[in-house]
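In our numbering, the protein residues as written are 145 to 303. Each residue gets a CB set at the ideal place from its N, CA and C atoms; glycine is no exception.
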């Protein structure tokens with residue numbers, strides 16, 4: 145079918161070797177793998193930072209407080225007033241006053257000793273900031289505040 149001269153003009157295909165077929169990986173392949181590992185570590189650290197950092201907790205609290213439907217009116221110290229926009233909510237253990245600066249007053253539960261204490265959110269622990277944020281979310285969803293259990297009682301003892 146083919147003439148012998150036509151067989152000579154067909155290109156001769158050679159099998160190309162891949163880089164992984166060599167005895168050891170090349171420098172470029174090693175750098176590529178190292179950059180992939182570095183990118184993965186950076187993404188994982190960023191996710192953990194966003195989940196567990198104090199600044200992330202403050203941002204979540206700020207967003208929750210911004211969208212919360214307030215019904216009570218308070219001054220900057222948390223004292224009830226009759227005029228102005230609704231800006232505070234009693235969460236049981238916490239009183240949140242929303243304004244240019246969010247103020248949180250930690251109060252003792254009824255039946256336990258302790259005076260109200262203003263939380264300085266920049267210096268509060270991440271756990272306490274998260275507790276306030278979760279209490280606000282719970283109140284927004286259910287319409288009631290979280291039960292205030294004194295720290296020296298377990299939930300079973302309070303009933």
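- Judged by their CB atoms, residue 233 and residue 216 are nearer to each other than the 8 Å cut-off.
- Each residue's CA atom was taken as its position, placing residue 193 and residue 270 some 12 Å apart.
- About 19 Å separates the Cβ atoms of residue 280 and residue 196, ruling out a contact at the 8 Å cut-off.
- Under the DSSP assignment, residue 190 falls in the alpha helix (DSSP H) whose first and last residues are 171 to 196.
- Less than 8 Å divides the Cβ of residue 239 from the Cβ of residue 251.
- Residue 235 holds the alpha-carbon nearest to the alpha-carbon of residue 284 among 235, 221, 170 and 201.
- When the Cα atoms are used, residue 249 and residue 227 turn out to be separated by approximately 21 Å.
- Shown here, residue 276 sits in a helix according to DSSP, grouped into three states.
- Sorting 282, 287, 290 and 277 by C-alpha distance to the C-alpha of residue 208 places 277 at the top.
- For residue 208, the secondary structure class from DSSP, reduced to helix, strand or coil, is helix.
- One Cα belongs to residue 203, the other to residue 265, and the distance between them is close to 11 Å.
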